[in-house]
Amino acid sequence: MAVITVRLPEKLQRQMRRLRDVNWSAIVRDAIEHRVRLEERTAERDWDKVKEAHRMAEEIFEEMHRRYGHLDFDSTETIRYWRARRYGNMQSTPQSQ
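In the working numbering, the protein residues as written are 1420 to 1516.
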């Protein structure tokens, strides 16, 4: 079994010493096990969400392709358009002045 070190404030350590009947190692071990299970479940759920979002995006893409055929879409152009709208059409940069 592995050994870990935990730093505690002195006040908390004194309070724990007064409770001699409590098995602090077991409590910490249980808390760590609980947190590991929680993190694993969260990670699994996140991947499930990613997979579901990917599947939905693929369905949308396939539907668009069925309706309109091949779309020659350049996302760079769209990004530049909206940046220009948001920040104004800044033709010069501080370095070019």
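For each residue, glycine too, the CB sits at the ideal point set by N, CA and C.
key: Helix, strand or coil at H1489 [DSSP, three-state]   = If you number the sequence shown from 1, residue 1489 lands on position 70. In this structure, H1489 counts as coil in the three-state DSSP scheme.
query = Would DSSP call Y1500 helix, strand or coil?
reply = The residue labelled residue 1500 in the question sits at position 81 within the sequence shown. Correct three-state label for Y1500: helix.
Expected contact under 8 Å - CB spacing of V1425 and V1447 to nearest Å = Residue numbering aside, residue 1425 sits at position 6 when the sequence shown is read from its first letter. Residue numbering aside, residue 1447 sits at position 28 when the sequence shown is read from its first letter. The Cβ separation is near 7 Å, so the contact holds.
query = If we count the other Cβ atoms within 10 Å of its Cβ and call it buried at 16 or more, is S1515 buried or exposed?
reply = Along the sequence shown, one-based indexing puts residue 1515 at 96. Any reading at S1515 needs caution, since the residue's pLDDT is 47, under 50, leaving its predicted position unreliable; the model's value is listed next. Exposed, because fewer than 16 other Cβ atoms sit within 10 Å of the Cβ of S1515.
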